[in-house]
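K.L.:
Residue numbers (the working numbering): 82 to 301.
Each residue gets a CB set at the ideal place from its N, CA and C atoms; glycine is no exception.
Dropping the structure in here first, questions after.
Here is the structure:
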């Protein structure tokens, strides 16, 4: 089984460098629709068995546009709350600059050292919580598809996807952000072989197919 893990297309708040989190949302930029078509061209030879997505509008739009571009609209889209972005509490809708000014140590920990991240001051969600829900989701996917050659699309969010991927690869919590985050419309691929419960990373944060190269505001 292969998991094709994709971060949603770039949104208005991504461009404005605002935190969206699990409850904030904003529309995809016009460029993102072209980016999704370019991603589809990169994986066009693959037949997908299922698509799982966060229920937020930015991921649902990405999911529908991707299947349309792949000419695979028959693939069932399943929404799952466990694929939502980190809950960021009072930070949602606020700019990165404002949040870094008000909570400098915690924003730094969020981006550089999750082991010491404590979002209680602004009502956010911990890495442990996101990893727990993500791992439970992956466990169910393994139970359903792990002994098959299925190709599964998973459309989610930058920080949450990064945490889930790194957890499945047994990266220590403190090191999960050492490679940085995931870019908009990026592709990462995990594979389990011979019905194994363990994954190998075949690709991480690939954006080579995008003609418009990622900017700073593209990565979380």
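When DSSP labels each residue in this structure, what does residue 131 get in the three-state scheme?
P.N.:
Within the chain shown, residue 131 is the residue found at index 50, counting from 1. Residue 131: strand per DSSP, three-state reduction.
K.L.:
Can you give me the Cβ contacts of residue 133 inside the same chain, cut-off strictly under 6 Å, excluding the 5 residues immediately before and after it?
P.N.:
Along the chain shown, one-based indexing puts residue 133 at 52. Excluding positions up to five away in sequence, the list reads 159, 161, 235.
K.L.:
Can residue 244 and residue 177 be called in contact, C-beta distance under 9 Å?
P.N.:
As a working note, residue 244 is residue 163 in the chain shown. As a working note, residue 177 is residue 96 in the chain shown. No, they are not a contact pair.
K.L.:
What does the alpha-carbon distance come out to for the pair residue 143 and residue 189?
P.N.:
Here residue 143 corresponds to residue number 62 of the chain shown, with the count starting at 1. Here residue 189 corresponds to residue number 108 of the chain shown, with the count starting at 1. Rounded to the nearest angstrom, the two C-alpha atoms are 29 Å apart.
K.L.:
DSSP three-state label for residue 241, please.
P.N.:
Residue mapping note: residue 241 aligns to position 160 of the chain shown, counting from 1. Residue state, collapsed to three classes: helix.
K.L.:
According to DSSP, which residues form a beta bridge with residue 271?
P.N.:
Here residue 271 refers to the residue found at position 190 when the chain shown is read from its first residue. 84, 282, per the DSSP bridge assignment.
K.L.:
Going along the chain, which residues of its own chain have a beta-carbon closer than 6 Å to the beta-carbon of residue 108, five neighbours each way excluded?
P.N.:
Here residue 108 refers to the residue found at position 27 when the chain shown is read from its first residue. Once the five neighbours on either side are set aside, the close Cβ partners of residue 108 are 93.
K.L.:
Give the straight-line distance between the Cα atoms of residue 170 and residue 300, rounded to the nearest whole angstrom.
P.N.:
Here the question's residue 170 lines up with position 89 in the chain shown. Here the question's residue 300 lines up with position 219 in the chain shown. Going by the C-alpha atoms only, they are around 20 Å apart.
K.L.:
Can you list, in chain order, the residues of its chain with a C-beta nearer than 6 Å to that of residue 115? Leave out the 5 residues immediately preceding and following it.
P.N.:
What you label residue 115 is simply residue 34 of the chain shown in a count that begins at 1. Closer than 6 Å at Cβ, skipping near neighbours: no residue.
K.L.:
Judging by CA-CA distance, which residue of 277, 112, 139, 102 is the nearest neighbour of residue 294?
P.N.:
The residue given as residue 294 occupies position 213 in the chain shown. Taking only the C-alpha atoms, the option nearest residue 294 is 112.
K.L.:
Here's the rule I'm using: 16 or more other beta-carbon atoms within 10 Å means buried, otherwise exposed. How should residue 104 be labelled?
P.N.:
Residue 104 sits at position 23 when you count from the first residue of the chain shown. Under this definition residue 104 is an exposed residue.
K.L.:
For the beta strand (DSSP E) holding residue 159, just list the boundary residues, first then last.
P.N.:
Counting from 1 along the chain shown, the entry for residue 159 is found at position 78. Its beta strand (DSSP E) spans residues 158-160.
K.L.:
Terminal residues of the continuous alpha helix (DSSP H) containing residue 263?
P.N.:
Translated into positions along the chain shown, residue 263 becomes position 182. No alpha helix (DSSP H) holds residue 263; DSSP gives it neither H nor E.
K.L.:
Return yes when the Cβ of residue 264 is within less than 9 Å of the Cβ of residue 88, no when it is not.
P.N.:
Position 7 of the chain shown, counted from the start, is the residue given in the question as residue 88. Position 183 of the chain shown, counted from the start, is the residue given in the question as residue 264. Contact: yes.
K.L.:
Excluding the 5 residues preceding and the 5 following residue 137 in the sequence, name in chain order all residues of the same chain whose CB lies nearer than 6 Å to its CB.
P.N.:
The residue given as residue 137 occupies position 56 in the chain shown. Closer than 6 Å at Cβ, skipping near neighbours: 106.
K.L.:
Measuring only the C-alpha atoms, how far is residue 98 from residue 275?
P.N.:
Working through the chain shown from its first residue, we reach residue 98 at position 17. Working through the chain shown from its first residue, we reach residue 275 at position 194. Looking at the two C-alpha atoms, the distance is approximately 42 Å.
K.L.:
Need the endpoints of the alpha helix (DSSP H) that residue 185 sits in, please.
P.N.:
What you label residue 185 is simply residue 104 of the chain shown in a count that begins at 1. From DSSP, the alpha helix (DSSP H) with residue 185 extends over 185-193.
K.L.:
Rounded to whole angstroms, what is the Cα-Cα separation between residue 238 and residue 225?
P.N.:
Position 157 of the chain shown, counted from the first residue, corresponds to residue 238. Position 144 of the chain shown, counted from the first residue, corresponds to residue 225. For residue 238 and residue 225, the distance between alpha carbons rounds to 23 Å.
K.L.:
If distances are taken between C-alpha atoms only, which option among 120, 172, 298, 223 comes closest to residue 279?
P.N.:
In the chain shown, residue 279 corresponds to position 198, counting from 1. Among 120, 172, 298, 223, the Cα nearest to that of residue 279 is on 223.
K.L.:
Check the C-beta distance from residue 254 over to residue 196 and give it rounded, since I have them as a contact under 8 Å.
P.N.:
Residue 254 sits at position 173 when you count from the first residue of the chain shown. Residue 196 sits at position 115 when you count from the first residue of the chain shown. Between residue 196 and residue 254 the Cβ distance is about 5 Å, and since that is below 8 Å, they are a contact.
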